[in-house]
Each structure stands twice: as structure tokens, then as C-alpha cells.
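The numbering used here puts the first residue of the sequence shown at 171, with every later residue one more than the last.
A quick write-up on the structure given underneath.
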Amino acid sequence: MNDKTELDARIDALLVGAIDLHCHSGPSVMPREIDHIEALREASQAQLRAVLFKDHYYSVTPVVRLLEKHYADLGITMLSGVPLNNTTGGLNRYAVEHGLQLGANIVWMPTFSAGNHIRHDHRHRSLPTTQEMLQPQMLTVVDDMGRIKDEIKFILDQIAAADAVLSAGHLHISEIWPLFEEAKARGVNRRLVQHPTFVIDANLRDIGELVADGAFIEHSICMFVEDSRFRFFDPETLDGLIKAGTVEQTILGSDLGQINNPSPVEGFRSVIRICIDLGYDDSQIRAMISGNAARLMGLDKAATA
């Protein structure tokens, strides 16, 4: 067996049981390479454990309930959430209630509708949709004095009552600090920051402090692998981010599914190779692509309940 085959076999073995908390399959108003069913089949073939479907414009939760009924044979745990963007009513307690009652696992604070995101990408050049759309209204979780809005406090209570995951979405790091402080005080035990150095503007010190306070940090695979259109960072940057956030609190999610990009599983294969080249051992890699995500989502707890 040559070295390439041995490496491929090692990557295949590491993929078994992986969890993708950031799958951008379709249908979507944004161009997608694969749909939810194709994503499930690919994940099943690679023996992934779970996939979380994310769309910025609608909650995939009802779709997941349908997929669970008809594709349970694929052996994939299907996860979903509620994005608090303009299309779901913004900071909308009713959308959160509906999603959680249908079994949503995560609530994302505003992403594409976040004022912070819009300021970063005011011309929307990196966010193509299949047709012209209304200009977004900018959302923030804080008032003019930097205090958490009452509507957000209500939503945090909903998340806490459901023991769901709170994602900071695309809020600025300056908004995330008071949000997570309020969330923690209200009993939200599962807190997640995604792609902290893209749009969020968090630095290594921020990441370390977030982790010390119990948050998980997810890095988008699409921003590190060579074949991705969104490769903004090199492997050495990923290494520094992992060290800042610790292997124990770092999650690698694909953030893939877009047209002309690797598939989610292809992205996982590539980032596993990067992690091997960086010197991480198999147990550390498994933690970052599976174990930590399982802890955040409570999958092991659910399996034994």
C-alpha cells in the first residue's frame, strides 16, 4: 500500500462519525450545488453521524421533519435551526417558538440581516442570489446604549427553556460579549460563535476568552481548503485559531454546498488532510470534526435518554 492510499484510508476512517453543523444545501435563493437529499446521501456514504442544515432565509426545521420520515434508512441524524433574519420576521419570538416546537436544535442571531454583516458587505457582491431581492433591514441585538434588547431577552429565555444552542450569527464581537453575558445569566448553556475571524472581527484573545467562558468556536472549512472559492486563510492561520480556542472547544463545520465549491464531505476530507499535515493526531481531529459538535448539540445525551 503506497503512502497516498494509506493517507486516504486514514481520512476515510476519521470521517466515520463526523458531524457537519454548517451544511448549506438547497433549495435556497442562493445558488447551491447540492440539495438536502443529496447532502444526506453523500453524508451516509461517508458514514457521517449528523448533518445540520442551514439556510439564511428560512428555517429548514419543517423540511428536516419530512426528511426524517422518508430517509431514516440513511442513518444520519438530521439537525436544523431558526435564523433570525428579515425573512423570518427578524428578532421574532414567534418564529423561535414555532421552530423549537418543531424540534429545532439551534437559533442563529441575525446573519445576512445583521447590521454588522451588511456594513461588511454593503454591495452584496459575495452573496449572490438567484434573483433580485429587497434590500435588508439592519438588525442588531443591542440598543443605542449597547444594552441587550428586551425582545432578545425573551428569545434567550425561549432558547434556555428548550436547552437549544444559541449561535451568535454574524453579529460583531462587540455585540456578542453582552449577548453571551445575558444568555449565560438566563441559563443558555450552549453557546456558539461561527467563523469568528470572518465578519465577526474577533481576534485570538477574544477566542480564548470566549472559550474560557464556555463557548464553542466553529471554523468554516470552506475558508481554509484549496478548492474553495471562499479560501480566505491558510493552514497556519487555522492552526493558530485552534490553539487559541483549544482542541477541546473547536468545531470544524463545512459551510459548504454552494455552487462551484467542493461538497461538504469533500471539504471535510480536505480539512482532515490539513489537520494531519499540521501535526494533529487522530483523537484531536475526531474531537474537532465530531466529538465537540456532539457535546454542543447534546447528541450523546439524547442517544442515552
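All C-beta atoms, glycine included, are put in the ideal place defined by N, C-alpha and C.
Under the DSSP definition of a beta bridge, which residues are partnered with Glu388?
As DSSP reads the structure, Glu388 sits in a beta bridge with Gln364, Ile421.
Three-state secondary structure (DSSP) of Met458:
Three-state DSSP puts Met458 in a helix.
Exposed or buried, Arg202, counting other C-beta atoms within 10 Å across all chains shown (16 or more means buried)?
Classification of Arg202: buried, given that the 10 Å Cβ count is 16 or more.
In the DSSP assignment, find the unbroken beta strand (DSSP E) run with Leu222 in it and report its ends.
Here the beta strand (DSSP E) through Leu222 covers 220 to 223.
Please report the straight-line C-alpha distance between Ile429 and Ile204, rounded to a whole angstrom.
Their Cα atoms are separated by approximately 8 Å.
Straight-line CA distance for Ile189 to Leu249?
Cα-Cα distance, rounded: 10 Å.
Using CA atoms only, rank isn't needed, just tell me which of Gly316, Trp347, Ser440, Asn256 is closest to Met308.
Looking only at Gly316, Trp347, Ser440, Asn256, the smallest Cα-Cα distance to Met308 is reached by Asn256.
Continuous beta strand (DSSP E) stretch holding Gly493: start and end
As shown, the chain starts at 171 and ends at 475. That puts residue 493 outside it, with no answer to give.
Could you give the DSSP three-state label for Arg401: helix, strand or coil?
It is coil, neither helix nor strand.
When the Cα of Leu254 is compared with those of Phe282, Ile246, Glu238, Gly273, which residue comes out closest?
Per the C-alpha coordinates, the member of Phe282, Ile246, Glu238, Gly273 positioned closest to Leu254 is Phe282.
Proximal residues to Gly269 (C-beta, below 6 Å), its chain only, five neighbours per side dropped
Residues Ser229, Thr231, Val252 of the same chain have their beta carbon placed closer than 6 Å to that of Gly269, with the five preceding and five following residues left out of the count.
Going by beta carbon distance, what residues of the same chain come within less than 8 Å of Glu396, once the five residues before and after it are set aside?
Contacts found: Ser440.
How about the stretch 206 to 213 and the stretch 402 to 415: do they share at least three Cβ pairs that are nearer than 8 Å?
Contact between the stretch 206 to 213 and the stretch 402 to 415 is absent, because fewer than three Cβ pairs lie under 8 Å.
Based on DSSP bridge pairs, tell me the residues matched to Met248.
Beta bridge pairing from DSSP links Met248 with Val221.
Burial state of Pro197 (16 or more Cβ within 10 Å):
Looking at its Cβ environment, which holds fewer than 16 other Cβ atoms inside 10 Å, Pro197 is exposed.
Which value, in whole angstroms, describes the spacing of the CA atoms of Asn286 and Ala372?
When the Cα atoms are used, Asn286 and Ala372 turn out to be separated by approximately 13 Å.
Which partner residues does Trp278 have in the DSSP bridge list?
For Trp278, which the question treats as bridged, DSSP gives the partners Pro253, Ser337.
Own chain partners of Ser390 with C-beta closer than 8 Å, once the 5 adjacent residues on each side are dropped:
Sequence-distant partners of Ser390 (beyond 5 residues in either direction) whose C-beta falls short of 8 Å from its own C-beta, in its chain, are His192, Gln364, His365, Phe368, Phe400, Gly423, Ser424, Asp425.
Spatial neighbours of Phe402 within its chain, please: C-beta separation below 6 Å, excluding the five flanking residues on both sides.
Here Phe402 has Met393 as same chain residues with Cβ atoms under 6 Å from its own Cβ, once five neighbours each way along the sequence are excluded.
Assign Thr258 to one of two classes, buried (16 or more other C-beta atoms within 10 Å of its C-beta) or exposed (fewer than that).
Buried is the label assigned to Thr258, since at least 16 other Cβ atoms lie within 10 Å of its Cβ.
Which residues does DSSP pair with Ala284 in a beta bridge?
According to DSSP, which records beta bridges pairwise, Ala284 is partnered with Leu309.
Ile343 (DSSP reduced to helix, strand or coil):
In this structure, DSSP gives Ile343 a helical state, which the three-state scheme calls helix.
Tell whether a beta-carbon distance below 9 Å holds between Ala353 and Ile370.
One thing to note: Ala353 has its Cβ no nearer than 9 Å to the Cβ of Ile370.
The alpha helix (DSSP H) enclosing Leu270, as first and last residue numbers
Residues 263 to 271.
Alpha-carbon to alpha-carbon, Gln454 and Asp333
Approximately 27 Å, taken between the alpha carbons.
Coarse secondary structure for Leu191, derived from DSSP in three states:
In the three-state scheme derived from DSSP, where H, G and I count as helix and E and B as strand, Leu191 is classed as strand.
In terms of DSSP beta bridges, what is Gln428 paired with?
In the DSSP output, where bridge partners are listed per residue, Gln428 has Arg202.
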